[in-house]
Amino acid sequence: MSAVQIKMPVMTPGKLRGLQAVSTAKGVIDALALDQRGSLAALMTGASGRDPNPAMLREFKSSITQSLTPEASAILLDLELGSEAAKLRAPGAGLILTYERDAYVNRTLHRMPELISGLSVKLLKEAGADCVKLLIHYSPQAPEEINRAKRSLVEKVGAECAAEDIPLLLEVLGYDAQGGDEKGLDYARRKPEMVAFNMAEFSRPDYAVDVLKIEMPVNMKYVDGTQSMNAADTGGAKQAAYSRQEAVECFRQAAGATSKPFIYLSAGVSHAEFVEGLALATEAGVPYSGVLCGRAIWQDGARVYAREGRDALTRWIDDKGHAHIRSVNDCLASAQAWCLRGAT
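So for the sequence shown, my numbering puts the first residue at 293; every next one is plus one.
Here is the structure:
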């Protein structure tokens, strides 16, 4: 896919301040994601066999925020369970607040996004947000009426953010519009084209998106010869969707679909898999501007907390949590400041 030529407007003072607040001194977004709600509860339930109550979810978010934000440029939280945690972030760590209702509760085929009832960009800004984040699932193969509604929502939120002069970070996740296995080989083969399409689509000026938060364009479990593929349990003989060089080209082609700043999300993969993916992005030389990394850093800690409680979580953070976030930070030496992508 050819590069999308988009000349970004000069950034307004509020949007500039917002992006600076969530970035390192080098202009790289090195943020921790902890706005999960239903998926966090499901992770804990799977680990302990017991459903966590809201107080447990709040305590977990507070513990992770307080302990790990000294090593992050920002944290992404929700106001439903994370408002207490937001107050505990380290001095200098920016705050990104999510606008959408928990996507985990909407498991219908096309996963129509919904905004949190009673919220607005104005209220998120008044709650201390430096940036606003919106998540949508998007597939070019979905019915046009579905996609039209999703595009309209992004335009609405983009206009709200422009009116309040606050940056919009749009998280776009592809999905199988026919309901197929999104962890399987067939979807892995189609994923690079979908990621590139979504990056190009939501780079259009109609949406007023400031930073794209995207998934990696390949499933690392299907990249031939990688540790992620060797470690994967795919339920049978391992098959590759791409050679290593093909995977490198997938990273380059997706990056070439936009001139917007973009950052990678971890999408629930393991810490080792996410770090290996960042290494592949570095090998490809793509100009990504950082990460918003969640479960790849703290999901093992959530399991420990669910089974053994807060003291065990504290020990896990000291033993593994800091090491996880530092190894992700180390990968960002090759990341490019978002201002070099036109956001100046």
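Backbone N, C-alpha and C fix where the C-beta goes; we use that ideal spot for every residue, glycine too.
Whole-angstrom distance between residue j and residue i, CA atom to CA atom
i: residue 480; j: residue 514; result: 7 Å
i: residue 468; j: residue 420; result: 36 Å
i: residue 623; j: residue 572; result: 10 Å
i: residue 311; j: residue 579; result: 17 Å
i: residue 391; j: residue 330; result: 15 Å
i: residue 383; j: residue 619; result: 22 Å
i: residue 536; j: residue 475; result: 19 Å
i: residue 446; j: residue 369; result: 19 Å
i: residue 460; j: residue 500; result: 8 Å
i: residue 505; j: residue 584; result: 7 Å
i: residue 615; j: residue 594; result: 16 Å
i: residue 590; j: residue 393; result: 22 Å
i: residue 497; j: residue 539; result: 29 Å
i: residue 304; j: residue 440; result: 28 Å
i: residue 470; j: residue 437; result: 15 Å
i: residue 362; j: residue 561; result: 23 Å
i: residue 293; j: residue 478; result: Since pLDDT at residue 293 reaches only 36, below the 50 mark, its modelled position is unreliable, and no value is offered.
i: residue 607; j: residue 356; result: 12 Å
i: residue 473; j: residue 482; result: 12 Å
i: residue 345; j: residue 408; result: 20 Å
i: residue 534; j: residue 516; result: 6 Å
i: residue 574; j: residue 512; result: 14 Å
i: residue 453; j: residue 320; result: 21 Å
i: residue 451; j: residue 424; result: 12 Å
Pair within 9 Å by beta-carbon distance, residue i and residue j
i: residue 456; j: residue 306; result: yes
i: residue 596; j: residue 554; result: no
i: residue 422; j: residue 576; result: no
i: residue 598; j: residue 318; result: no
i: residue 332; j: residue 308; result: no
i: residue 544; j: residue 493; result: no
i: residue 261; j: residue 395; result: Absent from the model: residue 261. The displayed extent of the chain is 293 to 636, so no value can be given.
i: residue 389; j: residue 327; result: yes
i: residue 448; j: residue 495; result: no
i: residue 426; j: residue 463; result: yes
i: residue 322; j: residue 621; result: yes
i: residue 556; j: residue 485; result: no
i: residue 610; j: residue 563; result: no
i: residue 570; j: residue 352; result: no
DSSP bridge partner residues for residue i (one or two, in chain order)
i: residue 506; result: 464, 556
i: residue 402; result: DSSP output for residue 402 lists no bridge partner at all.
i: residue 388; result: 368, 423
i: residue 582; result: 321
i: residue 413; result: BP columns for residue 413 are empty, so no partner.
i: residue 515; result: 534
i: residue 407; result: 392
i: residue 428; result: 464
Buried/exposed call for residue i, threshold 16 Cβ in 10 Å
i: residue 433; result: exposed
i: residue 633; result: buried
i: residue 568; result: buried
i: residue 531; result: exposed
i: residue 365; result: buried
i: residue 405; result: buried
i: residue 518; result: buried
i: residue 466; result: buried
i: residue 381; result: buried
i: residue 509; result: buried
i: residue 414; result: exposed
i: residue 297; result: Note that residue 297 scores a pLDDT of 42, beneath 50, so its modelled location is shaky; the value from the coordinates is reported in the next line. It counts as exposed.
i: residue 418; result: exposed
i: residue 379; result: exposed
i: residue 295; result: Unreliable placement is indicated for residue 295, whose pLDDT of 40 sits below 50; the coordinate value is still reported in the next sentence. The residue in question, residue 295, is exposed, as its Cβ has fewer than 16 Cβ neighbours within 10 Å.
i: residue 403; result: buried
i: residue 550; result: buried
i: residue 410; result: exposed
i: residue 374; result: buried
i: residue 337; result: exposed
Whole-Å CB distance - residue i paired with residue j, under 8 Å assumed
i: residue 558; j: residue 524; result: The Cβ separation is near 16 Å, so there is no contact.
i: residue 360; j: residue 613; result: 6 Å
i: residue 354; j: residue 376; result: 6 Å
i: residue 565; j: residue 520; result: 4 Å
i: residue 401; j: residue 586; result: That pair is no contact at about 24 Å.
i: residue 430; j: residue 490; result: 5 Å
i: residue 367; j: residue 385; result: 6 Å
Residue i beta carbon near the ligand MN (any heavy atom closer than 8 Å)
i: residue 487; result: The ligand MN is absent from the structure shown, which contains no ligands of any kind.
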